[in-house]
Amino acid sequence: MRKFEAGKNQDSPSKEEIDQHRDFGKVLTNYEETLSRLHKKPLYKDPRAFLVLVVFLLLLYLLIKAGSQEAHHDDSTPQDTTVVR
38 MRKFEAGKNQ DSPSKEEIDQ HRDFGKVLTN YEETLSRLHK KPLYKDPRAF
88 LVLVVFLLLL YLLIKAGSQE AHHDDSTPQD TTVVR
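Following this line, the structure appears as structure tokens:
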């Protein structure tokens, strides 16, 4: 296997380059927009959230159905499995 040494010979960015990308106002705006969008759209109108909810409810229904079927099989009278020769 090769050992890669990525970025070892790079110069560190200057103070001006760092300040160009440092914008806390933009970060705060993005954060506030994300929070407001999170509660703005109802769950049934968000396709992904609605799909996750439907799949979850379907799995829950199938698990309950399988559990009730097992309970019905356990209530039956026991069969005699002895063999007489």
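Counted the way my numbering counts, the sequence shown spans residues 38 to 122.
The beta-carbon is built from N, C-alpha and C at its ideal position, and this holds for glycine as well.
- Taking C-alpha positions only, Val91 is separated from Ile55 by approximately 46 Å.
- DSSP places Glu107 within a helical segment (H, G or I) once states are collapsed to three.
- Put simply, the backbone Cα of Glu69 is about 12 Å away from that of Phe61.
- Taken through DSSP and simplified to helix, strand or coil, Asp56 comes out as helix.
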